[in-house]
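Below: the structure, in structure tokens.
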């Protein structure tokens, strides 16, 4: 067994119709919005088209049934966007949930993947 | 909160260089090989090109450092492939590991995602 094998866990939350999902990509975009206080700047920081960023936000709103962004006015850049309290709570819950599942998965890993395979 | 939100967890195992990974797609292909006793039939059952199926098998062998398929000869289809004992053990470990992590994640879900968002 490759002793340096890495574990990567992805948590996605899907709507009933299985078409709209919330996962690591949307979470990263929301973190960037919180950081830059602007959806346009958040998208640019990920080399993502602004129109795509909006589509992603709409997807998240559709999955969770709540508004994700609030407009802010003024400031040197003439306004921007911040996360709604619901989006902040959701993002924090997602992050903490992923961290707890990841920690559990990491703890259990050795119990499952400790056999010695033959070389190819 | 959408009460019918579904959880989907993906477990991937990556090699050191982060380029080669073992996940649900490879696991499904291996299950199909075990079922059909043929890589060609397994690939066809997933509408996958035979050449792609071989690349995926090579990736899995590279990630885990062991042979995945053994040739079998004879039978009405003139030979085929079965999983090596190492591949069988690995696939069983992966399935059981995913199931345990999924069960834990499902148990913890409500504790994180029980808030009431506003309507859009």
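Chains as they are written, first to last, in my numbering: chain A, 10 to 129; chain B, 10 to 129.
Each residue gets a CB set at the ideal place from its N, CA and C atoms; glycine is no exception.
No experiment lies behind these values; they were computed from the predicted model shown.
| query | result |
| --- | --- |
| How many whole angstroms separate the CB atoms of residue 41 of chain B and residue 51 of chain B, which I take to be in contact at a CB cut-off of 8 angstroms? | 4 angstroms |
| Where does residue 21 of chain B sit, in a helix, a strand or coil, going by DSSP? | strand |
| Can you give the Cα-Cα distance for residue 93 of chain B and residue 59 of chain B, rounded to whole angstroms? | 19 angstroms |
| Since residue 106 of chain B meets chain A, which of its residues come closer than 7 angstroms, beta carbon to beta carbon? | 117, 121 |
| Just how far apart, CA to CA, sit residue 22 of chain B and residue 106 of chain B? | 12 angstroms |
| If I follow the unbroken beta strand (DSSP E) through residue 78 of chain A, where does it start and stop? | 78 to 81 |
| Out of A:13, A:16, A:20, A:15, which one is the CA nearest neighbour of residue 115 of chain B? | A:20 |
| Measuring CB to CB, does residue 119 of chain A end up less than 8 angstroms from residue 110 of chain B? | no |
| Using a C-beta to C-beta distance shorter than 7 angstroms, which residues of chain A count as neighbours of residue 21 of chain B? | 17 |
| Short of 7 angstroms Cβ to Cβ, which residues in the stretch 34 to 65 of chain A face chain B? | none |
| Indicate whether at least one CB of chain A lies closer than 8 angstroms to the CB of residue 78 of chain B. | no |
| Starting from the C-beta of residue 68 of chain B, find all residues in its chain whose C-beta is less than 6 angstroms away, skip the five residues before and the five after it, and write them out in chain order. | 29 |
| By the DSSP assignment, the beta strand (DSSP E) with residue 92 of chain B in it spans what residues? | 89 to 92 |
| Tell me which residues share the same chain as residue 6 of chain A and place their Cβ nearer than 7 angstroms to its Cβ, disregarding the 5 neighbours each side in the sequence. | Any question about residue 6 of chain A goes unanswered here, given that chain A covers just 10 to 129. |
| Where do the ends of the alpha helix (DSSP H) carrying residue 7 of chain A lie? | In the structure as shown, chain A starts at 10 and stops at 129, and residue 7 of chain A therefore has no counterpart that could be examined. |
| Among A:80, A:95, A:54, A:34, whose alpha-carbon lies nearest the alpha-carbon of residue 65 of chain A? | A:34 |
| For residue 109 of chain B, go through chain A and note every residue whose CB falls closer than 7 angstroms to its CB, in chain order. | 117 |
| Report the three-state DSSP secondary structure of residue 32 of chain A (helix, strand or coil). | coil |
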